[in-house]
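**Student:** Heads up, the sequence shown is in the working numbering, so the first residue is 1 and it goes up one at a time. All C-beta atoms in this analysis are idealised placements derived from N, C-alpha and C, irrespective of residue type, glycine included.
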Amino acid sequence: MSIYTKEHNAFKNFNIEGEVLNLAPYGEGHINSTFLVETTKKKYILQRINTIVFKKPENVMSNIILVTEFVRNKGTLTLTVIKTNDGESMLRTEDGCYRVYDFIDDSLTLQRAETREDFHNSGYSFGEFQNALSDFDASVLFETIERFHDTPNRYENFLTAVKNNKSGRLDTCREEVKFVTDRADTYGEIVNGLNEKTIPLRVTHNDTKLNNILMDPVTRKGKAVIDLDTVMPGSMLYDFGDSIRFGASTAAEDEKDLSKVHFDIELFKAYADGFCSAVKDSITSKERELLPYSAYLMTMECGMRFLADYIDGDTYFATKYPEHNLVRCRTQFALAYEMEQKMDEMKKIVDEIFLS
Ligand SMILES: Nc1ncnc2c1ncn2[C@@H]1O[C@H](COP(=O)(O)OP(=O)(O)O)[C@@H](O)[C@H]1O
Ligand SMILES: [Mg+2]
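1) So within the segment 17-78, which uninterrupted alpha helix (DSSP H) runs reach at least 4 residues, ignoring any that extend past its ends?
2) Using a Cβ-Cβ cut-off of 7 Å (strictly less than) and excluding sequence neighbours within five positions of K347, which residues of its own chain qualify?
3) Give every residue of the same chain whose Cβ lies closer than 7 Å to the Cβ of G247, excluding the five residues on either side of it in the sequence, and list them in chain order.
4) Taking buried to mean at least 16 other C-beta atoms within 10 Å of its own C-beta, is F179 buried or exposed?
5) Would you list, in sequence order, the uninterrupted beta strand (DSSP E) runs of no fewer than 3 residues that lie entirely inside the segment 198-245?
6) Please classify Y310: does DSSP put it in a helix, a strand, or coil?
7) R92 by DSSP, collapsed to three states: which one?
8) Can you check which of these residues, V218, V350, F333, T331, is closest to D106 by C-alpha distance?
9) Just the C-alpha distance for F129 and R183, rounded to the nearest angstrom, thanks.
10) On the DSSP bridge assignment, give the partners of V100 in chain order.
11) Would you call the segment 331-346 and the segment 292-307 touching, i.e. three or more CB-CB distances under 8 Å?
12) Which residue wins for smallest C-alpha separation from E58, given the options L141, H262, S277?
13) Is the Cβ-Cβ distance between S235 and H149 less than 9 Å?
14) What do you get for Y316, buried or exposed, if any count of 16 or more other CB atoms within 10 angstroms of its CB means buried?
15) Got a sec: does ligand 1 put a non-hydrogen atom nearer than 8 Å to the Cβ of E28?
16) Determine the contact status of I311 and S134, defining contact as a CB-CB distance below 9 Å.
17) Within 10 angstroms of the Cβ of N22, are there 16 or more other Cβ atoms? Answer buried if so, exposed if not.
18) To which residues does DSSP link L108 through a beta bridge?
19) How about M282: is its Cβ closer than 8 Å to a heavy atom in ligand 1?
20) Any heavy atom of ligand 2 within a distance shorter than 8 Å of the CB on N211?
21) Looking at ligand 2, does it come within less than 8 Å of I226, judged from the CB to the closest heavy atom?
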């Protein structure tokens with residue numbers, strides 16, 4: 001027996017074909033524990049779900065089943081949940097919650113875009129995912145992480161952190177705090193639009209990183225969008241904006257040298273081009289208009305969360321040194337500032353994409 005006895009034992013409870021030949025850790029995911037299992041017949045992915053992040057994994061699985069069944073019926077390649085022998089979508093054991101997917105073979109996972117084309121292709125894939133779900137009733141999904149992108153609520157929490165100054169660090173970040181409070185009237189547009197129904201409620205993927213797309217190893221075009229743990233009701237603008245936030249930056253999220261941190265408008269264009277061509281038939285004019293703003297908003301939201309956590313004393317994000325969250329918020333604010341300067345240029349790019 002291998003060292004992965006627990007995983008072997010868990011796997012035996014699923015409705016699988018063949019006998020297990022090999023079971024080993026797989027991929028570079030940071031949330032769940034992922035294993036590739038090869039049997040005499042097929043390959044599978046076994047995952048132990050991170051139940052610290054996902055407190056109610058049964059709700060996560062319910063969302064995944066609903067979404068994958070819907071997109072599969074549209075002919076889109078997606079994850080296939082393999083049920084347990086009891087017909088359940090996951091297995092609870094003493095050491096955690098397990099689930100099994102069919103392994104999607106002949107695919108490439110990139111950890112980051114190597115070329116502008118890769119980023120364009122990821123935009124197309126996440127746009128395709130949005131488009132396939134455009135007539136899905138997102139209100140049937142669980143909100144597995146409450147108020148995930150409720151920016152006004154994030155801002156309220158930020159103000160509470162400032163008020164309490166738990167870490168006593170407030171004096172070291174007054175300028176950054178002012179950057180956030182100066183923009184207080186810009187945070188509500190998407191949440192208000194959703195509440196007033198001028199922006200449609202849609203399925204949001206909420207983790208639109210490149211390594212959550214399985215790509216064709218030859219064409220490097222997306223084959224399937226995976227990692228559906230954070231699918232929730234929301235706005236397509238959240239996915240678009242967050243992709244730009246981390247994908248159109250010229251530096252890492254925790255780069256200390258701000259002279260290296262820029263918002264790359266060419267990368268914005270590449271992603272927008274891919275995303276928009278996939279959603280052109282389902283996006284509303286209001287959503288279209290707010291695409292550039294969504295990038296700014298997601299960047300500000302992320303920055304204020306880093307800053308709030310710094311002021312709280314690093315209770316949420318893992319940090320490697322005391323100023324880590326402060327460094328992180330600064331990169332976000334540098335990007336948001338450049339986005340503000342380039343807002344008209346971004347709008348022009350989006351308009352041109354839809355004209356062509
Ligand atoms: N069904 C699948 N077929 C092929 N590879 C997969 C499949 N599911 C996951 N993977 C691989 O495992 C990695 C981690 O899985 P993911 O669900 O993204 O976990 P995490 O939530 O930890 O990021 C992915 O980046 C991908 O390379
Ligand atoms: Mg992942």
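**Tutor:** To lay it out plainly:
1) 57-73
2) P292
3) A113, F119, L267, Y271
4) buried
5) 202-204, 213-215, 222-225, 232-234
6) helix
7) strand
8) V218
9) 32 Å
10) L46, I82
11) yes
12) L141
13) yes
14) exposed
15) yes
16) no
17) exposed
18) M215
19) With the sequence shown as reference, residue 282 is identified as Ser, and Met is not the correct amino acid for it. Checking the Cβ of S282 against ligand 1 gives no.
20) yes
21) yes
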